[in-house]
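Be aware that the sequence shown starts at 1, since it is given in the UniProt record's numbering, and climbs by one per residue. Beta carbons are placed, not taken as given, at the ideal position from N, Cα and C, and that holds for glycine. Here the structure is a predicted model, which is why all the values come from computation and not from measurement. Notes follow the structure.
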Amino acid sequence: MSAPTDPSSTPPDEAAPDPGPPAGVSRRALFGGVAAAAVAGTAVGLGAGYGIGRATAPTTSSAAGTFAFTGAHQAGIVTPAQDRLYLAAFDVTAKDRDDLVALLQRWTTVAARLTQGLSAGPYGPASGPYDAPPDDTGEAADLPPAGLTITFGFGRTLFRTAAGVDRFGLADRLPAGLIELPHFPADNLDPARSDGDLVVQACADDPQVAVHAIRNLSRTAFGAATIRWTQLGFGRTSSTSTAQRTPRNLFGFKDGTANIKAEDATAVDEHVWVPASAAVDDPASAWLVGGSYLVARRIRMRIETWDRTSLREQENLVGRTKAEGAPLSGGAEFTEPDFDVAGRGGAPLIPLDSHVRLAHPDQNAGVQMLRRGYNFTDGNDALGRLDAGLFFLAFVQDPRTHYVPMQNTLSRDDGLMEYLEHTGSGLFAVPPGIPDGSLVVGRDGTPITTDASPFVGQKLFTA
Ligand SMILES: C=CC1=C(C)c2cc3[nH]c(cc4nc(cc5[nH]c(cc1n2)c(C)c5CCC(=O)O)C(CCC(=O)O)=C4C)c(C)c3C=C
Ligand SMILES: [Fe+2]
Numbered sequence: 001m002s003a004p005t006d007p008s009s010t011p012p013d014e015a016a017p018d019p020g021p022p023a024g025v026s027r028r029a030l031f032g033g034v035a036a037a038a039v040a041g042t043a044v045g046l047g048a049g050y051g052i053g054r055a056t057a058p059t060t061s062s063a064a065g066t067f068a069f070t071g072a073h074q075a076g077i078v079t080p081a082q083d084r085l086y087l088a089a090f091d092v093t094a095k096d097r098d099d100l101v102a103l104l105q106r107w108t109t110v111a112a113r114l115t116q117g118l119s120a121g122p123y124g125p126a127s128g129p130y131d132a133p134p135d136d137t138g139e140a141a142d143l144p145p146a147g148l149t150i151t152f153g154f155g156r157t158l159f160r161t162a163a164g165v166d167r168f169g170l171a172d173r174l175p176a177g178l179i180e181l182p183h184f185p186a187d188n189l190d191p192a193r194s195d196g197d198l199v200v201q202a203c204a205d206d207p208q209v210a211v212h213a214i215r216n217l218s219r220t221a222f223g224a225a226t227i228r229w230t231q232l233g234f235g236r237t238s239s240t241s242t243a244q245r246t247p248r249n250l251f252g253f254k255d256g257t258a259n260i261k262a263e264d265a266t267a268v269d270e271h272v273w274v275p276a277s278a279a280v281d282d283p284a285s286a287w288l289v290g291g292s293y294l295v296a297r298r299i300r301m302r303i304e305t306w307d308r309t310s311l312r313e314q315e316n317l318v319g320r321t322k323a324e325g326a327p328l329s330g331g332a333e334f335t336e337p338d339f340d341v342a343g344r345g346g347a348p349l350i351p352l353d354s355h356v357r358l359a360h361p362d363q364n365a366g367v368q369m370l371r372r373g374y375n376f377t378d379g380n381d382a383l384g385r386l387d388a389g390l391f392f393l394a395f396v397q398d399p400r401t402h403y404v405p406m407q408n409t410l411s412r413d414d415g416l417m418e419y420l421e422h423t424g425s426g427l428f429a430v431p432p433g434i435p436d437g438s439l440v441v442g443r444d445g446t447p448i449t450t451d452a453s454p455f456v457g458q459k460l461f462t463a
C-alpha cells in the first residue's frame, strides 16, 4: 500500500505556468508511463507560451499518438478517423446556466488533459488525498494516448426542451439548422437511444482509452449531467484522409471511398464547417461559425438476411463491386461512377435503386458529407440474430440541406433499406475549437486552466 499523500499539498501539475519547455512528464506520470511530451506534437512547434494548439492541417505526434486539443475546429472531425469509438449523449441536470458553464469548463480541462496523454486530474489514479476518490479512474494508466480525440456537441433540447422550456437562457441562440429531425420512412427509433442535451464523441485507436475518456468525463459531470445513451463502435467505416486505406462495413463492402477527405480543403469548407454567411441569415447561429453539425444514426443491419443474398444482388444494391469497391460502371475503386452506362439489356449498370447512385452528389443537389461512422455489435435478439450494424456519424454544414433530403431519398428508394433498420438518432451542433495558444501549459506540459480559461462552446454563452 502506498503512503497517504498530504491532502494539503499542491497538486503535482498545478504550478504556475512556466515559459520553459514541457519537461515530458507522463499523463500516467505516477505509473511512469508514456511521456507527455505528448503535448510536444503541437507544443514544440508553438514555441514559448505553450498553448496546446493545432495547425490548420491536423497534427499528431506519431511517437506519442496525440492530436492537439485546440485549433480553429475541434479535433475528431477532419483528424484521421481512429479505429474505435465511444460516444455518449447526456441529459443536463444542472439547474442553471452557471452550473452548465462550470460543467463545460471542467470538461474542457479534463479533455485537454486526456487527449494530451495526461491523467484526468492532476493527482492521477494512485495519488492525492488518501481519503478521497482518485481524480482519475486508472484503467488507461499504462496505455499510450492512442490518438484520443474528444469532440463535444449540443443537442436541441439544451436550448429548448421538447415542452418549450428555456432552462439556460439559450433559446435565442438555437441555430436554425439544429432542427428536430423528421420521421423518415421505415424509422424504428428507440427514444432511449436517441437525442440528448450534450454529446461527447471519444475516438481512439484503443477502446480502453476511449472508454476511459467517457467514464472520466461522466464522472466529472456528476451533479450536472447524466448519461442518456452510449454507443461503442469498432472498425471505422470511413476514411477521412487520403493516407488511410478504405475500411469495410459489416456487409463486407468498402465504405468511405467517396467520402470527403481532410486534404480536400475546398470540399471541407463547402460541406462541413458552418460558414460566416450562415450567421447573416440566422444571427442565432453566430456562435457556431467554424463548427459543424453531427448527425448520429444507429442503423441495425439485417446481417443474417444479407448473408443469404447472392453476390450479384449485394453488388447491385450497393452499386459497387465487393472485392475492390469499384463502381459497377467500370474502373477501379476511385473511378467516378458513370450512371449513364447501360448493360446489354439496356438497364443501367449502376441500378436506379442502388445506394451509391442515390447517395451521389449528382442526385443530391451537389451536397457531400463527412462520414465518420463505426461498426457495432450489441449482442443478439431472442431469435439469435445479431444486433449489429453501422453507427452512422456524419459532420455536415447544415442538416437541412446536407442530410435530411438525402435520408428521405435513401429511406424511400434505396434497395439497401430492405436490410436496414434505423434504431437510434441524434443531431448535435458542434461548436468550433478553442483557439490555439489559449490554454496554458506548465513546466511539465500539463494544461493549466482557470476560471478565465476558454472552454468548449464558450461563444454560445458570450457572443
Ligand atoms: C444519409 C446518408 C447515408 C446513410 C444513412 C448511409 C448508410 C449506409 N451506407 C452504407 C454503405 C455504403 N455507403 C456508401 C457510400 C455513400 N453513402 C452515403 C450516405 C449514407 N450512407 C454517401 C453520401 C456515400 C457516397 C456516395 C458517393 O459520393 O458516391 C458506400 C460506397 C463506398 C463509399 O463511397 O463510401 C457503401 C458501401 C451502409 C451499409 C449504410 C447503412 C448501414
Ligand atoms: Fe452509405
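Our contact map puts Ala-111 next to Ile-77 with C-beta atoms below 8 angstroms; I'd like the distance itself, whole angstroms only.
As a first step, residue 111 must be located in the sequence shown, where it is residue number 111. As a first step, residue 77 must be located in the sequence shown, where it is residue number 77. In fact, because the Cβ distance is near 14 angstroms, the residues do not count as touching under 8 angstroms.
Comparing C-alpha positions only, which one of Val-101, Leu-217, Gly-71 sits nearest to Ala-452?
Indexing the sequence shown from 1 puts residue 452 at position 452. Nearest C-alpha to Ala-452: Val-101.
Quick check on this structure: which residue in Ala-359, Leu-170, Phe-67, Gly-424 has the alpha carbon closest to the alpha carbon of Asn-188?
The residue you call residue 188 lines up with position 188 of the sequence shown. For Asn-188, the nearest C-alpha among the options comes from Gly-424.
Give the straight-line distance between the Cα atoms of Ser-411 and Val-295, rounded to the nearest whole angstrom.
If you number the sequence shown from 1, residue 411 lands on position 411. If you number the sequence shown from 1, residue 295 lands on position 295. Using only the alpha carbons, I get a separation of about 15 angstroms.
For a test of the three-state rule: what should DSSP assign to Asn-249, helix, strand or coil?
Here residue 249 refers to the residue found at position 249 when the sequence shown is read from its first residue. Here Asn-249 sits in coil by DSSP.
According to DSSP, which residues form a beta bridge with Tyr-293?
Counted from its first residue, the sequence shown places residue 293 at position 293. Answer by DSSP bridge pairing, in chain order: Val-396, Ala-429.
Given that a residue counts as buried once 16 or more other Cβ atoms are within 10 Å of its Cβ, and exposed if not, what is Asn-259?
As a first step, residue 259 must be located in the sequence shown, where it is residue number 259. Buried, by the Cβ-count rule.
If contacts are defined as beta-carbon pairs under 8 angstroms, then Leu-148 and Ala-221 qualify, I think. What distance do you get, rounded to the angstrom?
Numbered from its first residue, the sequence shown carries residue 148 at position 148. Numbered from its first residue, the sequence shown carries residue 221 at position 221. Actually they do not touch by this definition, with Cβ atoms about 18 angstroms apart.
Is Ala-359 a contact residue of ligand 2, with contact defined as CB to any heavy atom under 8 angstroms?
As a first step, residue 359 must be located in the sequence shown, where it is residue number 359. It does: the Cβ of Ala-359 is within 8 angstroms (strictly closer) of some heavy atom of ligand 2.
Cβ-Cβ distance between Gly-121 and Pro-134 below 9 angstroms:
As a first step, residue 121 is located in the sequence shown; it is residue number 121 there, counting from the start. As a first step, residue 134 is located in the sequence shown; it is residue number 134 there, counting from the start. Contact flag set, yes.
When we look at the beta-carbon of Arg-344 and count the other beta-carbons within 10 Å, is it buried (16 or more) or exposed?
Taking the first residue of the sequence shown as position 1, residue 344 is located at position 344. Burial state of Arg-344 is exposed, judged by a 10 Å Cβ sphere holding fewer than 16 other Cβ atoms.
According to DSSP, is Arg-412 part of a helix, a strand, or is it coil?
As a working mapping, residue 412 is identified with position 412 in the sequence shown. It is helical.
May I ask you to list the residues that DSSP assigns as paired with Gly-153?
Within the sequence shown, residue 153 is the residue found at index 153, counting from 1. The partner list for Gly-153 (beta bridge, DSSP) reads Val-199.
Between Ala-81 and ligand 1, is the CB less than 8 angstroms from at least one heavy atom?
Counted from its first residue, the sequence shown places residue 81 at position 81. Every heavy atom of ligand 1 is 8 angstroms or more from the Cβ of Ala-81, so no.
Identify which residue in Val-440, Asp-136, Ala-132, Ala-204 has its Cα closest to the Cα of Leu-87.
Numbered from 1 along the sequence shown, position 87 holds the residue referred to as residue 87. Among Val-440, Asp-136, Ala-132, Ala-204, the Cα nearest to that of Leu-87 belongs to Ala-204.
Inter-residue Cα distance where the pair is Thr-226 and Leu-217:
Numbered from its first residue, the sequence shown carries residue 226 at position 226. Numbered from its first residue, the sequence shown carries residue 217 at position 217. So the two alpha carbons sit approximately 10 angstroms from each other.
Could you tell me whether any non-hydrogen atom of ligand 2 is closer than 8 angstroms to the CB of Asp-255?
Translated into positions along the sequence shown, residue 255 becomes position 255. Yes, Cβ of Asp-255 sits closer than 8 angstroms to a heavy atom of ligand 2.
Counting Cβ pairs, one atom from each stretch, are 3 or more of them under 8 angstroms apart for the region 396-403 and the region 261-279?
Proximity of the region 396-403 to the region 261-279 meets the contact definition, three or more beta-carbon pairs being nearer than 8 angstroms.
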